[in-house]
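Below is one structure, written out as structure tokens; comments come after it.
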Amino acid sequence: MPVPAPIAEVWRGPIAESLHNGHIVVSDQSGIIEAWGDPEAIILPRSSAKMMQALPLVATGAAREFGLNSEHLALACASHQGAPLHADAVMTWLDHIGLSESDLRCGPEVSRDKELKLQMIRDGEHPNQCHNNCSGKHSGFLTLNKHVGGGSEYVEPDHPVQQMAKEMFESVTGMPSPGYGIDGCSAPNFGTSMAGMARAMAFFATAASRDDSLSRAAAQLTEAMIAHPMLVAGQGRACTLLMQAAKEPVALKTGAEGYFIAILPQRGIGVAVKCVDGATRGAECAIAAVLVRMGVLDADHPDVKRFLNPDIKNRAGLVTGQIRPAPGLMA
């Protein structure tokens with residue numbers, strides 16, 4: 001039985017101190033090109049599935065009805081920092097569709113933008129739901145909900161919004177979902193296999209070559225992510241920096257518990273990465289390594305090195321170690 005494979009190592013001096021195991025699948029629409037670990041491992045893609053959850057927003061015509069642009073679509077796919085750039089855009093979006101922050105169901109979250117977080121503390125302000133890193137996705141849900149006339153509790157698994165998301169999720173993964181978990185933002189997160197997730201990313205990567213409604217939606221969402229990397233994540237984030245550093249158009253999206261995906265439109269290829277211990281550092285190192293292996297990223301680019309080979313420093317500022325891709329991952 002296939003088991004997780006080594007994907008990243010943590011070195012302290014001359015000794016490999018820790019090891020991250022995981023699964024990686026590289027796929028095109030015909031099938032698996034390359035894999036490490038178990039392609040059939042069942043996973044929850046968490047926020048790496050946001051572009052899939054946004055498919056009904058575009059495919060049903062809801063985005064067109066409410067005049068959404070590529071920035072809205074990028075936010076619908078985002079796990080953003082809750083910086084002013086993001087929170088203000090979400091508030092403007094909600095106002096545009098005649099709703100408000102109270103209509104969101106993602107819950108409030110302290111801004112991940114350090115400057116805004118400290119300023120709000122100094123000013124005695126409390127974070128609201130627009131600061132939640134999933135508020136763009138939820139604004140997309142609310143827009144779709146207005147289009148279909150559903151009830152206010154749009155995050156319930158049996159709500160029409162989530163049922164449409166599930167149907168399209170299963171369509172692009174090419175398999176029934178074995179179940180779901182409730183995500184940090186209260187929406188259901190549907191499970192699939194590693195191969196199914198990579199196949200779905202290949203669907204997005206090849207979407208511009210087809211003319212059905214689901215493919216057109218996937219193409220628009222992919223283009224929006226590539227066009228607006230700062231909206232997809234934010235300052236200092238792997239998604240944003242690696243998209244900006246890439247030598248060709250690529251859409252990248254992280255997910256909680258060590259998940260990461262890549263969509264490569266020029267190659268028609270999708271990539272899915274899962275670090276089984278849930279470590280973000282392992283997933284970031286592995287996705288960077290796979291993209292360097294494919295020639296999409298330059299290993300010497302400073303914004304690539306900070307995830308591919310980040311130094312580990314102690315409190316005195318001394319470099320005590322380094323994170324590295326597992327042997328064979330970049331060969």
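Counting in full-length UniProt numbering, the sequence shown runs from 1 upward without gaps. Backbone N, C-alpha and C define an ideal beta-carbon position, used for all residues, glycine too.
The C-alpha of Ala83 is placed about 29 Å away from the C-alpha of Ala299.
Here Ile226 is buried: its Cβ has 16 or more other Cβ atoms, across all protein chains shown, within 10 Å. Annotated three-state conformation of Phe190 is strand, per DSSP.
Residue environment for Gln129: buried (at least 16 other C-beta atoms within 10 angstroms of its C-beta). Taking C-beta separations shorter than 6 Å and ignoring five residues to either side along the sequence, the partners of Val276 in its chain run Pro4, Asn21, Gly22, following chain order. Sorting Val155, Gly234, Val290, Lys114 by C-alpha distance to the C-alpha of Ala74 places Gly234 at the top. If you draw a straight line from the Cα of Leu116 to the Cα of His126, it comes to about 11 Å. For the pair Pro327 and Gly270, the Cα-to-Cα distance works out to about 22 Å. About 6 Å separates the Cβ atoms of Ile97 and Thr143, confirming a contact at the 8 Å cut-off.
With a threshold of 16 other beta carbon atoms within 10 Å, Thr240 meets it and is buried. The continuous beta strand (DSSP E) containing Leu19 extends over residues 15-28. Around the Cβ of Ala331, a 10 Å sphere holds fewer than 16 other Cβ atoms; the residue is exposed. In the assembly as shown, Glu284 is a buried residue. Its beta-carbon has 16 or more other beta-carbons within 10 Å. Residue state for Pro325 is assigned as strand, using DSSP reduced to three classes.
Assigned with DSSP and collapsed to three states, Ala78 falls in coil, not helix or strand. Look at the beta carbons and you see the region 204-222 touching the region 255-274: at least three pairs across the two are nearer than 8 Å.
Distances from the CA of Ser193 to each of Val319, Ser135, Lys274 were compared; the closest alpha carbon is that of Lys274. Between Ala245 and Val304, the CB-CB gap stays under 8 Å. In the structure shown, Gly181 adopts extended strand secondary structure according to DSSP, grouped into three states. Taking the C-beta atoms as reference points, Lys137 is found no nearer than 8 Å to Ala238. Burial is judged here by how many other beta carbons sit within 10 angstroms of a residue's own beta carbon; Val232 has at least 16 and is buried. Of all C-beta pairs linking the region 6-16 to the region 147-167, fewer than three are shorter than 8 Å, placing the two stretches out of contact. In the three-state DSSP reduction, Val273 falls in the strand class (E or B).
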